[in-house]
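> This is the structure, below, for whatever I ask next.
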Amino acid sequence: MKYNAYLLVFCMLLLSSCFKDKGNYDYTDINDITIGDKGFAADTIYNVRANVDRLTITPELNFSLDPEEKGSYKYEWVAVGTQKYPGERFVLGNERNLDCIITLPAEAFTLYLKITDQNTNVVFSKSVELNVSTSYTKGWILACEDDAGNVRVDMLSISRDTLHLKNILTNSSNVPHKDINLIWVDNSPELYEEQVYVCTAHNTFRYGRDEFDQPTELTIFDPDQKGYRNNIVITDIQKLKDKRGMFLADGKAYVLSSSNEGEFGNPVSYYEEESGYKYFNIGDKIACNRSGEDISAAVIDQFILYNTDDKRFTYLRTLANSMKDMADSDSDNTFSWNTKKDFAPDGLDFVTTINSLFGSGQSATLLKNPVDGKLYLYTYTITRTGGSATKGGKYMVSGATNIDQSELFSLTNRQGYLIYAAGNTLYGYNFRNGSAAVELRSFPGEKITAIFNDIISDQKDQDFFYIATYKEGQENGGTLRKYQVIDSADKIEIIDQETWGDFSRIKNIAFKQF
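In terms of mature numbering (1 follows the signal peptide of the UniProt record, and there is no 0), the sequence shown is residues -22 to -1, 1 to 492.
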């Protein structure tokens, strides 16, 4: 048996030696093209403005068999989209060197130089990052109005230099806008969400996000009328990262997500009961936690609202289509989510809700006792667990000068101080230790018209906030001021940062970053 095996191996070797090797061993050196680091270094990022900036790149090239570059080569400069237009190619040039005015859409691109040796059709390439912005790509959107209530939308563009762009809405339909409430920009890369919401006391229009054009009036389903209608009045919009957003319209809550492709369905501010849906009215502000927004997996996709019919807190958890009441635990006596338990029999009336980054994303709801007029602040932090929030405290507001005259509130991000405005005076109030409010700034001859706590821009960790003032009777008497809060646990101080003028009356501020 062993003999037969040896014989078989021998025969195979003998047969293999009979075949003639007909391979082609006529090797030719390849003209290896090396693209150097000039213009393509690992840390190079080109930041340009569309239709403004010229991009010039003169690469260092080395041709191993053609040092004088006399051969036949094909050059191609190609920008490939990575976010809004993933995989889409835009050819910028077909010359050895790139020298052109960038006319690309606002997007983050990978820019490739591709060189084809047309003698061998071998392709060599190298890439670099290219970020393209427009004057509208990044900055502060300012919803303004004149003394007659006519709306004008301006922008402080910060794509590179700070530019004041006036009257940016391209209102091709000549839609009149009066009495602005709110302006909101959806900063998601999803295509269906490329919209700017212009919300007035009479209706809401959606504009294209890139050019502020193509206005369409918002229509939503009204359960009271059992049908769709327009003349929608929106009071608040909150959206975290690429998750679904919540909109408060005419006392009802709606959600907007990729599942309904940007269209409003039925409101979600109802309870499911055996007899059917029980709709209820809500306060005009939304509580959410933005502290984990920079990391998509850390986004806390829950919202807390105040049910003004039953005088209690309610919540919408991830993917839910209806709301549930916040539940008290037996061991927690800080306060009850049902204010009728703490203030029987009527509970507390809603005033406003404020969000911050303080204490891992704490929110505060300001409530008023209808019996004696006293104000109370309820603080809490929304957590990832459905229907769960960590209670902070219940504070009676005392010593806060003129707070009953204020409609403008903010919370600082590092110490959680309450900032509010009454008339022409800006106050800071440490409600946790019961000390009296301090006057931070006063603006004689002007009125404070808006406050915006920065919890969304690139500078949100630096505790900045913005206020707007207006001199009555002056067409461009509006001013926007930027302040930074001093990180101090024992007193409230702010530092002047920037001032911009020549606005009409600023009523609302939004940040645009796409």
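Cβ atoms here follow ideal geometry from the backbone N, Cα and C, with glycine treated the same way.
Residues in its own chain within less than 8 Å of D125 by CB, not counting five upstream and five downstream?
For the purposes of this step, residue 125 is taken as the residue at position 147 of the sequence shown. Excluding residues within five positions, the ones whose Cβ falls inside 8 Å are E450, G451, R483.
> Taking only the alpha-carbon atoms, compute the straight-line gap between T88 and V110 and give it to the nearest angstrom.
In the sequence shown, counting from the first residue as 1, residue 88 sits at position 110. In the sequence shown, counting from the first residue as 1, residue 110 sits at position 132. If you take the alpha carbons of T88 and V110, they lie about 11 Å apart.
> Output the boundary residues of the beta strand (DSSP E) element that contains K449.
Counting from 1 along the sequence shown, the entry for residue 449 is found at position 471. Segment: none, K449 is in no beta strand (DSSP E) and carries neither H nor E.
> Compute the beta-carbon to beta-carbon distance between N97 and S50, rounded to the nearest angstrom, for a pair I have assumed lies under 8 Å.
For the purposes of this step, residue 97 is identified with residue 119 of the sequence shown, where counting begins at 1. For the purposes of this step, residue 50 is identified with residue 72 of the sequence shown, where counting begins at 1. Right, their Cβ atoms sit about 6 Å apart.
> For S341, which of helix, strand or coil comes out of DSSP?
Here residue 341 refers to the residue found at position 363 of the sequence shown. Three-state result, S341: strand.
> Please state the DSSP three-state secondary structure of T312.
Within the sequence shown, residue 312 is the residue found at index 334, counting from 1. Of the three classes helix, strand and coil, the one that applies to T312 here is coil, per DSSP.
> Can you check which of these residues, N159, T447, S269, N408, is closest to S420 by C-alpha distance?
Translated into the one-based positions of the sequence shown, residue 420 becomes position 442. Of the candidates N159, T447, S269, N408, the one whose C-alpha sits nearest the C-alpha of S420 is T447.
> Could you tell me whether the Cβ atoms of V163 and K460 are closer together than 8 Å?
As a working note, residue 163 is residue 185 in the sequence shown. As a working note, residue 460 is residue 482 in the sequence shown. Contact: no.
> Helix, strand or coil, according to DSSP, for V383 in the structure here?
Taking the first residue of the sequence shown as position 1, residue 383 is located at position 405. According to the sequence as given, residue 383 is Gln; it is not Val. Three-state result, Q383: helix.
> Who pairs with Y395 in a beta bridge, going by DSSP?
As a working note, residue 395 is residue 417 in the sequence shown. Answer is none; Y395 lacks a bridge partner.
> Are C78 and L70 touching if we call contact CB-CB under 8 Å?
The residue you call residue 78 lines up with position 100 of the sequence shown. The residue you call residue 70 lines up with position 92 of the sequence shown. Contact flag set, yes.
> Rounding to the nearest angstrom, what Cα-Cα distance links G423 and N75 in this structure?
In the sequence shown, residue 423 corresponds to position 445, counting from 1. In the sequence shown, residue 75 corresponds to position 97, counting from 1. So the two alpha carbons sit approximately 58 Å from each other.
> What does the Cβ neighbour count give for W55, buried or exposed, with the cut at 16 atoms within 10 Å?
Here residue 55 refers to the residue found at position 77 when the sequence shown is read from its first residue. Flag for W55 reads buried.
> If you measure between the beta carbons of A428 and I487, is that distance less than 8 Å?
Taking the sequence shown and counting its residues from 1, the one referred to as residue 428 is at position 450. Taking the sequence shown and counting its residues from 1, the one referred to as residue 487 is at position 509. Yes, the Cβ-Cβ distance between A428 and I487 is below 8 Å.
> Taking three-plus beta-carbon pairs below 8 Å as touching, is the segment 322 to 334 in contact with the segment 219 to 235?
With the cut-off at 8 Å, the segment 322 to 334 and the segment 219 to 235 do not touch.
> Could you name the residues of the same chain whose beta carbon sits closer than 7 Å to that of G127, not counting the 5 residues immediately before and after it, in chain order?
Within the sequence shown, residue 127 is the residue found at index 149, counting from 1. Same-chain partners within the cutoff: K156, D157.
> Using the beta-carbon count (16 or more within 10 Å), is D441 buried or exposed?
Walking along the sequence shown from the start, residue 441 turns up at place 463. So D441 ends up on the buried side.
> From the DSSP output, in three-state form, read off D132 for me.
As a first step, residue 132 is located in the sequence shown; it is residue number 154 there, counting from the start. In this structure, D132 counts as strand in the three-state DSSP scheme.
> With C-beta atoms as the reference, is I146 less than 8 Å away from Y175?
As a working mapping, residue 146 is identified with position 168 in the sequence shown. As a working mapping, residue 175 is identified with position 197 in the sequence shown. It is not a contact, given that the beta carbons lie outside the stated cut-off.
> Name the DSSP beta bridge partners of K318, please?
On the sequence shown, residue 318 is found 340 positions in, with the first residue counted as 1. Bridge partners of K318: none, in fact.
> For E107, which residues in the same chain have their Cβ closer than 6 Å to its Cβ, ignoring the five residues on either side in sequence?
Here residue 107 refers to the residue found at position 129 when the sequence shown is read from its first residue. I23, listed in sequence order.
> Only counting the same chain, and skipping five residues up and downstream in sequence, which positions put a Cβ closer than 8 Å to that of Y63?
In the sequence shown, the residue the question calls residue 63 occupies position 85. These residues qualify, in order along the chain: P83, E85.
> Can you give the Cα-Cα distance for I80 and F190, rounded to whole angstroms?
The residue you call residue 80 lines up with position 102 of the sequence shown. The residue you call residue 190 lines up with position 212 of the sequence shown. Computed Cα separation, rounded: 21 Å.
> Helix or strand or just coil, what does DSSP make of Q440?
For the purposes of this step, residue 440 is taken as the residue at position 462 of the sequence shown. Q440: helix per DSSP, three-state reduction.
> Can you say whether R207 is buried or exposed, counting buried as having 16 or more other CB atoms within 10 angstroms of its CB?
The residue you call residue 207 lines up with position 229 of the sequence shown. Exposed: under 16 other Cβ atoms inside 10 Å.
> Using the Cβ count rule (16 or more neighbours within 10 Å means buried), how would you classify Y407?
For the purposes of this step, residue 407 is taken as residue 429 along the sequence shown, with counting starting at 1. Buried.
> Measure the C-alpha to C-alpha separation of I273 and P45 and round it to an integer number of angstroms.
The residue given as residue 273 occupies position 295 in the sequence shown. The residue given as residue 45 occupies position 67 in the sequence shown. Their backbone Cα atoms lie some 49 Å apart in a straight line.
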